[in-house]
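Just so we're aligned, residue 1 is where the first sequence starts under my numbering, counting upward by one. For reference, the structure discussed in these notes is given below.
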Amino acid sequence: MTARSYALSDGNSFYCSCERVFDPSLEGRPVIVLSNNDGCAVAMTPEAKALGVKMGSPWFQIRDLCKREGIVARSSNYALYGDMSRRVNEVYKTFSSVVEVYSIDESFLDFSDVPDRSALAQEMRRTVKQWTGIPTRVGIGPTRVLSKVANNLAKKRLELNGVCDLTDEALRRQLLPLLDIEDVWGIGRASAPKLRAVGIETAADLRDMPPRQARAMLTVAGEKLVRELNGIHCDDLELTPPVRKGIAVTRSFGKPITTVEEMMQATGFYATRAAEKLRRHRVLAPSIRVFMHTSPFREGPSRSVAKTIGFPSPTWDTRDLVSAATRATKLIWANGFQYAKAGVMLDGLTTPEETPRSLFDAQDPSREALLSALDSINGKFGRGSLYLARTGHNPAWKLRSDLKSPAYTTDLRQAPLARA
DNA sequence: TCTGGGGTCCTAGGACCC
DNA sequence: TCTGGGGTCCTAGGACCC
């Protein structure tokens, strides 16, 4: 019997590697790729990193450094990276029948029942490099978290030659103490100091933490993390990409916004873009949320506010979104602040196929009509449960899903439907 | 002067209902 | 009639990810 194994493969400095594939003269030179409006560095090669560029370094701060040291800076080209990512994943599929695309440059592969995992991983690296030009590194482990940890070690420790297999427990005991707590997947800048304060400094310390304590400090995500570090499997691979749950359009302003008219212009424009995205993805939004906040980098009074406005029925209509966005902006506006960023967010999206229109139009449908509508959509969602409800000022029945009450659908069949 | 954008998940707390 | 407890719904906000 062979143990379950996951491999996490990622492209080294992925965006920069893509740029190098199309411009081989960049090979061996320090390269960085800049964010959308060339605001900051979002990818860098080890050569650039060695010269002092950090992830997220603002362009205006490193411009001189780049000029002085001959660092090549490129604007990002997401169409190119997306195409490259697709090609790399095609190669992965020849090495494992189960591939979960986790992000543009990372994929989880099922490596269970592979006799020599490291050898297969090395062969995969060679093939990806040969067919696409992209260099990769591979981490292997009995859980996804451990494969992620392994990938990190493969990155940090050059003697591992791009592949680290943590399936063996003895090797884990040896290597986990070498990984700082900040480098563990799921531990960010808020949790790391909290953990360090109680003496948790490395991945090994976190592994040995009582799961209940981890839950108290880091919520359920922390408890899962501890279990997975111990080799106990908690999350499986997502084989089919989940339906889009939210859409956001947000921007930082070149210069701060101080008047409500300007802000309404901005959020109205974001709402227009959001409506385009809804129609492109063929999903409907039940509500829209507008937020704005001041710059965290500047002195002065700070403010961060948000407002959600619901629609009578889910919509992708530009006018609905823009008028709600404008209304929300007025409602939360306060004078005397320098707003640096704002945006609109759409949550709880539904699709026309999964949620029959008639359900939303029904003002006072019969019990039979509601139950048959429920039957027609039942089981079409991957997770959670479904129920019908009407709430707030909205007279129409709504379809909702809620992970917290898995038995609700059954309850609904037995309980009399309330008439508001 | 200039510090990204787009996602997911979790939780607290108020409103409301029975 | 009064009260409390328990449940759900919804919003806001935080943390994390790439």
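Note that CB positions come from ideal geometry on N, CA and C, so glycine has one too.
Endpoints, the alpha helix (DSSP H) within which Ile332 is located: For the purposes of this step, residue 332 is taken as the residue at position 332 of the first sequence. From DSSP, the alpha helix (DSSP H) with Ile332 extends over 318-332.
Helix, strand or coil for Ala306? Go by DSSP, reduced to three states. Looking up residue 306 in the first sequence gives position 306. The three-state reading of DSSP puts Ala306 in strand, counting E and B together.
Can you list, in chain order, the stretches of the alpha helix (DSSP H) that have 4 or more residues and sit fully within the region 148-178? Secondary structure within the region 148-178: the alpha helix (DSSP H) runs of 4 or more consecutive residues, fully enclosed, are 169-175 (chain order).
Under a Cβ-count criterion, where at least 16 other Cβ atoms within 10 Å of its own Cβ denotes burial, should Glu123 be classed as buried or exposed? The count along the first sequence starts at 1 and reaches residue 123 at position 123. Glu123 comes out exposed.
By the three-class DSSP mapping on this structure, what secondary structure does His233 have? As a first step, residue 233 must be located in the first sequence, where it is residue number 233. In the displayed model, His233 falls within coil according to three-state DSSP, outside both helix and strand.
Under 8 Å Cβ to Cβ from Ser75, same chain only, skipping five residues before and after it: list those, please. Mapped onto the first sequence, residue 75 falls at position 75. Same-chain partners within the cutoff: Val33, Leu34, Asp38.
Same chain, Cβ closer than 7 Å to Asp183, neighbours up to 5 away in sequence not counted: Position 183 of the first sequence holds residue 183. Answer for Asp183: Asn152, listed in chain order.
Taking all protein chains shown into account, decide if Arg357 is buried (16 or more other Cβ within 10 angstroms of its Cβ) or exposed. Numbered from its first residue, the first sequence carries residue 357 at position 357. For Arg357, the pLDDT reaches just 32, beneath the cut-off of 50, and the residue's location in the model is therefore unreliable, although a value from the coordinates is still provided. Its Cβ having fewer than 16 others within 10 Å, Arg357 is exposed.
Inter-stretch contact at 8 Å, needing at least 3 Cβ pairs: the region 58-69 / the region 105-114: Too few Cβ pairs lie closer than 8 Å, so no.
Cα-Cα, which of Cys18, Arg4, Ala3 is closest to Asp10? Taking the first sequence and counting its residues from 1, the one referred to as residue 10 is at position 10. Closest by alpha carbon: Cys18.
Pick out the complete beta strand (DSSP E) segments inside the region 235-281, 3 residues or longer, and give them in chain order. Here the runs fully enclosed are 246-257.
Measuring CA to CA, which of Ser97, Val101, Phe95, Asn77 is closest to Arg86? For this step, residue 86 is matched to residue 86 along the first sequence. Comparing alpha carbon positions, the residue from Ser97, Val101, Phe95, Asn77 closest to Arg86 is Val101.
In the structure shown, what three-state DSSP assignment does Pro352 receive? Position 352 of the first sequence holds residue 352. Here Pro352 sits in coil by DSSP.
Note down the Cα distance separating Ser252 from Tyr339, rounded to an integer number of angstroms. Mapped onto the first sequence, residue 252 falls at position 252. Mapped onto the first sequence, residue 339 falls at position 339. Within the model, the alpha-carbon separation for Ser252 versus Tyr339 is close to 9 Å.
Where does Lys54 fall in DSSP's three states? Start at 1 with the first residue of the first sequence, and residue 54 comes out as number 54. In the structure shown, Lys54 sits in coil (DSSP, three-state: anything other than H, G, I, E or B).
Suppose contacts are defined by Cβ-Cβ distances below 8 Å. Is Thr326 in contact with Ala275 by that definition? Taking the first sequence and counting its residues from 1, one reaches residue 326 at position 326. Taking the first sequence and counting its residues from 1, one reaches residue 275 at position 275. Contact flag unset, no.
Length of the line joining the Cα atoms of Gln174 and Leu26: For the purposes of this step, residue 174 is taken as residue 174 along the first sequence, with counting starting at 1. For the purposes of this step, residue 26 is taken as residue 26 along the first sequence, with counting starting at 1. If I take the Cα positions, the gap works out to 38 Å.
Span separating the alpha-carbon of Asn77 from that of Asp83: Reading the first sequence from its first residue, position 77 is the one you call residue 77. Reading the first sequence from its first residue, position 83 is the one you call residue 83. Near 10 Å, if we compare the C-alpha coordinates of Asp83 and Asn77.
Tell me the rounded alpha-carbon separation between Phe360 and Ser313. For the purposes of this step, residue 360 is taken as the residue at position 360 of the first sequence. For the purposes of this step, residue 313 is taken as the residue at position 313 of the first sequence. Only weak support is given to the placement of Phe360: the predicted model assigns it a pLDDT of 33, under 50, and the question is left unresolved by the model.
Counted within 10 angstroms of its Cβ, other Cβ atoms place Arg207 as buried (16 or more) or exposed: Taking the first residue of the first sequence as position 1, residue 207 is located at position 207. Under the 10 Å beta carbon count, Arg207 is surrounded by 16 or more other beta carbons and is classified as buried.
Would you mind stating whether Met264 and Thr315 have Cβ atoms separated by less than 8 Å? For the purposes of this step, residue 264 is taken as the residue at position 264 of the first sequence. For the purposes of this step, residue 315 is taken as the residue at position 315 of the first sequence. Here Met264 is not near Thr315, since their CB atoms are 8 Å or more apart.
Would you mind giving the Cβ-Cβ distance between Leu195 and Ile181, rounded to the nearest angstrom? I have them listed as a contact below 8 Å. The residue labelled residue 195 in the question sits at position 195 within the first sequence. The residue labelled residue 181 in the question sits at position 181 within the first sequence. About 5 Å separates the two Cβ atoms, so the contact holds.
The region 142-157 in contact with the region 215-234 per 3-pair CB rule at 8 Å: Result yes; three or more Cβ-Cβ pairs closer than 8 Å.
Give the straight-line distance between the Cα atoms of Pro293 and Ser302, rounded to the nearest whole angstrom. Taking the first residue of the first sequence as position 1, residue 293 is located at position 293. Taking the first residue of the first sequence as position 1, residue 302 is located at position 302. The displayed chain sequence assigns His, not Pro, to residue 293. If I take the Cα positions, the gap works out to 7 Å.
Give the DSSP-derived three-state secondary structure of Pro314 in the structure shown. The count along the first sequence starts at 1 and reaches residue 314 at position 314. Of the three classes helix, strand and coil, the one that applies to Pro314 here is strand, per DSSP.
Using only the alpha-carbon positions, how far apart do Ala342 and Arg63 sit? Along the first sequence, read from residue 1 onward, the residue named residue 342 stands at position 342. Along the first sequence, read from residue 1 onward, the residue named residue 63 stands at position 63. In this structure, the alpha-carbon of Ala342 lies about 27 Å from that of Arg63.
Of the listed residues Met55, Ser118, Trp333, Lys129, nearest to Glu90 (C-alpha basis): Within the first sequence, the letter at position 90 stands for residue 90. Selected option, being the one with the closest Cα: Lys129.
Do Tyr81 and Tyr15 come within 8 Å of each other at the CB atom, strictly closer than that value? Here residue 15 corresponds to residue number 15 of the first sequence, with the count starting at 1. Here residue 81 corresponds to residue number 81 of the first sequence, with the count starting at 1. For the 8 Å CB-CB criterion, Tyr15 and Tyr81 form a contact.
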